[in-house]
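Asker: Numbering (the numbering used here), first residue to last: 16 to 212. Provided herewith is a single structure, encoded as structure tokens, for subsequent inquiry.
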């Protein structure tokens, strides 16, 4: 039973941190976070040895959430073009629903934090780009689908569009949503990325 309470408190801390990240002007301190959660700073440190570990907990949540769904998409959707669209839309919709996570993914919330956290964010995007590249390579074999440039260059372009929309979301303080006009823009991206059959 005490294990359940620990997990619950840990999740509560991470949820509170994510909510605090939604306010771009708010400085995240352990004192402010403890107040938000309704516990002492010492109680925070019983669950996380440092603020960096709290951020790592959120990054882990992002990775688990996104990549478990990416796996589901690639297993269910047979079309590579649709897979790419759904993977990118997934990421954009995820950050739209979780604005604090958007600030984490752009590095905006990591100013003054350890380089290890920025490396984790870099690894997240590298893994996402690798996943898209794999989709494109498999499409050539399974569907005879070719891209206008290499699979690597095409995956990089798609990811750059995605990252740009997330950056725009943060820069506009969450007013311009990542999925705004995406349904009109994706067909143009796909048309330029893939060779006609």
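Glycine is no exception: its CB is placed at the ideal position from the N, C-alpha and C atoms. None of these values were measured; they are calculated from a predicted model.
With distance defined between alpha-carbon atoms, name the residue in 143, 165, 197 and 142 nearest to residue 152.
Answerer: 165
Asker: Under the assumption that residue 29 contacts residue 72 (Cβ atoms under 8 Å), give the Cβ distance between them as a whole number of angstroms.
Answerer: About 5 Å separates the beta carbons of residue 29 and residue 72, which is inside the 8 Å limit, making them a contact pair.
Asker: Cutting at 6 Å between CB atoms, please list the residues of its own chain near residue 22, excluding the five before and the five after it.
Answerer: For residue 22, the predicted structure reports a pLDDT of 46, less than 50, and the residue's modelled location is therefore unreliable. The matter cannot be settled from this model.
Asker: When the distance is taken between beta carbons, is residue 170 closer than 8 Å to residue 147?
Answerer: yes
Asker: Would you tell me roughly how many angstroms separate the C-alpha atoms of residue 65 and residue 154, rounded to the nearest one?
Answerer: 44 Å
Asker: Excluding the five sequence neighbours on either side, which residues of its own chain have a C-beta within less than 7 Å of the C-beta of residue 45, listed in chain order?
Answerer: Residues 56, 59 and 66 of the same chain have their beta carbon placed closer than 7 Å to that of residue 45, with the five preceding and five following residues left out of the count.
Asker: Taking the C-alpha atoms as reference points, what is the distance between residue 48 and residue 41?
Answerer: 11 Å
Asker: Return the first residue and the last residue of the alpha helix (DSSP H) that residue 142 is part of.
Answerer: 130-158
Asker: Pick helix, strand or coil for residue 44, following the three-state DSSP scheme.
Answerer: coil
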